[in-house]
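Peer 1:
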Amino acid sequence: PVYGHGPSLEDFTEQTPLTVGSPQQVIEKTLAFRDYAGDYQRQLFLMDHAGLPLKTVLEQLDLLGEEVVPVLRKEFAARRPAGVPDAPTHASLLARRDAEEVTVA
Numbered sequence: 585p586v587y588g589h590g591p592s593l594e595d596f597t598e599q600t601p602l603t604v605g606s607p608q609q610v611i612e613k614t615l616a617f618r619d620y621a622g623d624y625q626r627q628l629f630l631m632d633h634a635g636l637p638l639k640t641v642l643e644q645l646d647l648l649g650e651e652v653v654p655v656l657r658k659e660f661a662a663r664r665p666a667g668v669p670d671a672p673t674h675a676s677l678l679a680r681r682d683a684e685e686v687t688v689a
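Going by my numbering, the sequence shown opens with residue 585, and the numbers climb by one from there.
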């Protein structure tokens, strides 16, 4: 354990949504959580916990962006039930605002 007490990392990751491992392990754990919790539209990944070196954090971000997120986006989209809207993005919110401004003007 990072803090020197509590359950082992293996026990903690087995009992919680905490995900540690290879890109494939992260994908599998995230999809298993999605199967358990249902469709959701936001995921938080904490990359720099407990003072990891910057080089390690940047490498993890690269792996996440290149190998994990594209697969998760594809899988989440394929498993999304009919009628569930896409999550709002900054671009979609701006487009809606701009459309409303044109309508009002």
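The beta-carbon is built from N, C-alpha and C at its ideal position, and this holds for glycine as well. Bear in mind that the values here come from a model prediction, so they are computed numbers and not experimental data.
Would you mind working out which of P591, V653, H589 sits nearest I611, comparing C-alpha positions?
Peer 2: Walking along the sequence shown from the start, residue 611 turns up at place 27. Ranking P591, V653, H589 by Cα distance to I611 puts V653 first.
Peer 1: Going by DSSP in three states, R681 sits in which element: helix, strand or coil?
Peer 2: If you number the sequence shown from 1, residue 681 lands on position 97. Three-state result, R681: helix.
Peer 1: Which of the three DSSP states, helix, strand or coil, is assigned to L628?
Peer 2: For this step, residue 628 is matched to residue 44 along the sequence shown. Three-state DSSP puts L628 in coil, outside helix and strand.
Peer 1: Quick one, which of P637, R664, E650, G649 has its alpha-carbon nearest D619's?
Peer 2: As a working mapping, residue 619 is identified with position 35 in the sequence shown. Out of P637, R664, E650, G649, R664 has the C-alpha closest to the C-alpha of D619.
Peer 1: Tell me the residue span of the alpha helix (DSSP H) that contains T597.
Peer 2: Locating residue 597 in the sequence shown gives position 13, counting from the first residue. Looking at the DSSP string, the run of the alpha helix (DSSP H) that includes T597 is 593-599.
Peer 1: Could you compute how far the alpha carbon of L630 sits from the alpha carbon of P669?
Peer 2: For the purposes of this step, residue 630 is identified with residue 46 of the sequence shown, where counting begins at 1. For the purposes of this step, residue 669 is identified with residue 85 of the sequence shown, where counting begins at 1. Using only the alpha carbons, I get a separation of about 26 Å.
Peer 1: What residue from T614, P607, Q608, G588 has the CA that sits closest to T600's CA?
Peer 2: Mapped onto the sequence shown, residue 600 falls at position 16. For T600, the nearest C-alpha among the options comes from T614.
Peer 1: Can T597 and G590 be called in contact, C-beta distance under 9 Å?
Peer 2: For the purposes of this step, residue 597 is taken as the residue at position 13 of the sequence shown. For the purposes of this step, residue 590 is taken as the residue at position 6 of the sequence shown. Their beta carbons are not under 9 Å apart, which means T597 does not touch G590 by this criterion.
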